[in-house]
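Everything below concerns the one structure shown next.
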Amino acid sequence: MWQGSVVSLHIAPKASAPMESIESVQAVPGRGLAGDRYFLETGTYSPHRSHGGREVTLIETEAVAALFDGVQNAEGGRLGIKLSPAEARRNIATSGVPLNHLVGHEFWVGPVLLVGTRLCEPCKHLEKLTQQGVLAGLIHRGGLRARVLTEGVIRVGDSVRPKR
């Protein structure tokens, strides 16, 4: 059985705005994280809310680190992309959490129960806001979209664990 942790939390007030790193955030079922662009319905993809899973996004810090030294480019060299977890434009950066395996599963982030809805594959919009190569480097490692099932406050340092 695995158990990981919340490394950092990020929200942005509107589409394309820089992500702000915060220490804690209120999670609200059906809305997401208080103060975030999708909670406020000002995100780039807010009109597509019916497609689900934009309440919360998570990413593994291990995937972000791999952009620099772990992912190869087409020529066999390393991508060498330095990206912070906030620049990845995901709300919750985790460590030690197998996010791809959580699609369709409930899990705890501190006192808040989430359910993984689908992978959060990188898009051209993310690459436009960061740098070339991010899209290719995060394919199948871009994180997880999730819905909030219970209300509560998520904090940096909280445990992330499966629902038993």
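Numbering-wise, the sequence shown is residues 3 to 166 according to the working numbering.
Where is the CB? At the ideal position from N, CA and C, for every residue including glycine.
These numbers were taken from a predicted model, which means no experiment stands behind them.
Straight-line spacing of the CA atoms in G6 and L104 works out to 13 angstroms. When DSSP assignments are scanned along the segment 6-64, the uninterrupted stretches of beta strand (DSSP E) that are 3 or more residues long and fall wholly within it turn out to be 6-13, 22-24, 26-30 and 58-62. L115 sits in a strand when the DSSP states are folded into three classes. Scanning its chain for C-beta atoms nearer than 6 angstroms, with the 5 sequence neighbours on each side dropped, one finds around L140 the residues P124, in chain order. Sequence-distant Cβ neighbours of V114 in its own chain, meaning closer than 7 angstroms and more than five residues away, are A29, V150, T152, G154 and I156. Taking 8 angstroms as the cut-off, the beta carbon of G145 is found closer than this to the beta carbon of L101. When rounded, the separation of the alpha-carbon atoms in R33 and P87 is 22 angstroms. F109 has its alpha-carbon roughly 29 angstroms from the corresponding atom of S18. When the five nearest sequence neighbours on each side are left out, no beta carbon in the same chain lies closer than 8 angstroms to the beta carbon of R166.
Beta-bridge pairing by DSSP links E108 to V117. The beta carbon of A14 sits closer than 6 angstroms to those of M21 and R39, all from its chain and outside the five residues before and after it, given in chain order.
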